[in-house]
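Chemist: I'd like to ask you about the structure that follows.
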Amino acid sequence: MASLACNTFIVSSTLRSVVTRAEPPKPGPLFDLSSFNRHSFPAGFTFGASSSAYQFEGAAKEYGRGPSIWDTFINQHPGKIADGTNGDRALDQYHRYKEDVQIMKGMNLDAYRFSISWSRILPNGKLSGGINREGINYYNNLIHELQTKGLKPFVTLFHWDLPQALENEYKGFLSESIIDDFGDYAKFCFEEFGDRVKHWITFNEPHIFSSHGYAYGTKAPGRKSQGLRPDSGGTEPYRVSHNILLAHAKAVQLYRNSYKESQNGEIGITLDSRWFVPYSDASSDIEATERALDFEIGWFMEPLTSGKYPESMQLYVGRRLPEFSKEEAELVRGSFDFIGLNYYTTNTARVATGYTDSVHHHPDLSTDPNVELGLTRLNGSSPIGPVPGLGWLCVYPKGIRELLLRIKNLYNNPLIYITENELIIIIVIY
């Protein structure tokens, strides 16, 4: 018996499968899906499904794949995963991709967004370390199966699973060395798969990768730099994101210079952000809301459109925030054909209380914006929207509209694919 949790993502829609041993939730009054179907959307609207390599593929120690930082992270910290599972087998898509594609075809989906496991095709992270032909064959077979069934592949190059070899060699995205290695990896993928892949995504959710991997320690590589000395806790997430933006821009430059015209494709990056509403009508809370947005969507959209970080980040982070050289700013600015947007929830925001001197001595990402987040507004006894069993997710549909409008109005109205917008439905397959 297998379980699928379907995560509809819109414009390129997203379906996410997860392994669970829990009983399917009983239908409740929160959602009424009886009238939700394709006719609710305009003609030509693309529905799809999305996944990440480590969560789906399995075969983690087979067929020439090298270890990634997620293999190491879960082996060292099994308690970080709620049910104690890992990606060794996951959903076994490596062996069962034809079944998965058939399920998607049966759902009348139009596209499938999946990520390539960097260490499956380059086990040591570098071209000089050798390529794994079995891994390349797997992705060729998956792409062929998708096209045979009429589904368009949307391919993500990096969904958090850095080859462990590069983490060992130079600490991965903490080093500028990653920029050239990612460029080589991206170029290799364009050459191998670009004749059939017309939609490329360089990075998935760099904000989450940087913050949870390098400040909070909840995701790979698990560097919990909160509260450490100022030269680590207050710098690592910013340095990682800076190198990601430069690696992204280099990959886009390579694609545009050598492949875009001949392969007739497009390339972008997927960003995540919550929407935020002020806790109260006080000017301090309204300003805090703006900072919260700057430290999420603005952290990446501002450099991608102007070549510099948001003014509030420059003010509150100061010299701990890296700067782009003139040449780097020109490289990053405009380095996308589209933006992928992942939206899940909305929070209230207000100016932080108890902002003590100790924060200044040990700055980190969690305190830099000087913002406190919540789910209720002033004098509100209930959250701003329904809160399902996940706890952190507040159902606030207006948030995605407001976020889209903000991106449109502040960042030159880019083409946007909504690459994730989650609705979890448990489908039990016997």
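Heads up: the sequence shown begins at 11 in this note's numbering, then just goes up one per residue. Glycine is no exception: its CB is placed at the ideal position from the N, C-alpha and C atoms.
1) Alpha carbon to alpha carbon, how far is Met323 from Asn422? Give it in angstroms, no decimals.
2) Ignore the nearest five residues each way along the sequence and tell me which others in Glu177's own chain have a CB closer than 8 Å to its CB.
3) Would you mind reading off the limits of the beta strand (DSSP E) that contains His105?
4) Am I right that Val262 and Thr212 are in contact with their C-beta atoms under 8 Å? What's the rounded C-beta distance?
5) Does the beta-carbon of Asn419 have 16 or more other beta-carbons within 10 angstroms, so that it is buried, or is it exposed?
6) Bridge partners for Tyr427 per DSSP, in chain order?
7) Hey, is the stretch 299–312 in contact with the stretch 321–337, meaning 3+ C-beta pairs nearer than 8 Å?
8) Would you list the one or two residues that DSSP bridges to Trp210?
9) What does the Cβ neighbour count give for Pro407, buried or exposed, with the cut at 16 atoms within 10 Å?
10) Please classify Asp374 as buried or exposed, where buried requires at least 16 neighbouring CB atoms within 10 angstroms.
11) For a test of the three-state rule: what should DSSP assign to Tyr269, helix, strand or coil?
12) Select from Glu333, Cys199, Phe305 the residue whose C-alpha is nearest the C-alpha of Ser376.
13) In whole angstroms, what separates the C-alpha of Glu155 from that of His258?
14) Please go through the same chain and pick out, in chain order, the residues whose beta-carbon is closer than 6 Å to the beta-carbon of Asn214, but skip the five residues on each side of it.
15) Is it the case that the Cβ atoms of Ile189 and Lys260 are separated by a distance below 8 Å?
16) So, helix, strand or coil for Asn147, using DSSP?
17) Determine, using beta carbons only, whether Phe286 and Asn357 come nearer to each other than 8 Å.
18) How many Å lie between Arg233 and Ser220 at the Cα?
19) In chain order, what residues of the same chain have a beta carbon less than 7 Å from the beta carbon of Gly204, not counting five sequence neighbours either side?
20) To the nearest angstrom, how far is it from the Cα of Phe66 to the Cα of Asp291?
21) For Tyr180, count neighbouring Cβ atoms within 10 angstroms of its own Cβ and tell me buried if that reaches 16, exposed if not.
22) Please state if the CB of Pro173 and the CB of Gly227 are separated by a distance shorter than 8 Å.
Modeler: Here's the rundown:
1) When only Cα atoms are considered, Asn422 and Met323 end up about 20 Å apart.
2) For Glu177, where only same-chain residues beyond five positions count, the Cβ hits under 8 Å are Ile79, Thr82, Pro231.
3) His105 -> not in any beta strand (DSSP E); alpha helix (DSSP H) instead, spanning 103–116.
4) Rounded to the nearest angstrom, the Cβ distance from Val262 to Thr212 is 7 Å, consistent with a contact under 8 Å.
5) In this structure Asn419 is exposed. Its beta-carbon is surrounded by fewer than 16 other beta-carbon atoms within 10 angstroms.
6) The beta-bridge partner set that DSSP reports for Tyr427 consists of Gly350.
7) In the pairwise beta carbon analysis, the stretch 299–312 is classified as touching the stretch 321–337: at least three pairs are separated by under 8 Å.
8) Paired residue(s): Val165, Ile277.
9) Pro407 should be labelled exposed.
10) Asp374 should be labelled buried.
11) DSSP places Tyr269 in coil when its eight states are reduced to three.
12) Closest option to Ser376, Cα to Cα, is Phe305.
13) Computed Cα separation, rounded: 28 Å.
14) For Asn214, where only same-chain residues beyond five positions count, the Cβ hits under 6 Å are Thr166, His169, Thr280.
15) Remark: C-beta atoms of Ile189 and Lys260 approach each other more closely than 8 Å.
16) Reduced to three states, the DSSP call for Asn147 is helix.
17) Cβ atoms of Phe286 and Asn357: closer than 8 Å.
18) If you take the alpha carbons of Arg233 and Ser220, they lie about 10 Å apart.
19) So the qualifying residues of the chain are Tyr269, Gln273, Gly275.
20) The C-alpha of Asp291 is placed about 44 Å away from the C-alpha of Phe66.
21) Exposed, because fewer than 16 other Cβ atoms sit within 10 Å of the Cβ of Tyr180.
22) For the pair Gly227 and Pro173, the CB atoms are not nearer than the 8 Å cut-off.
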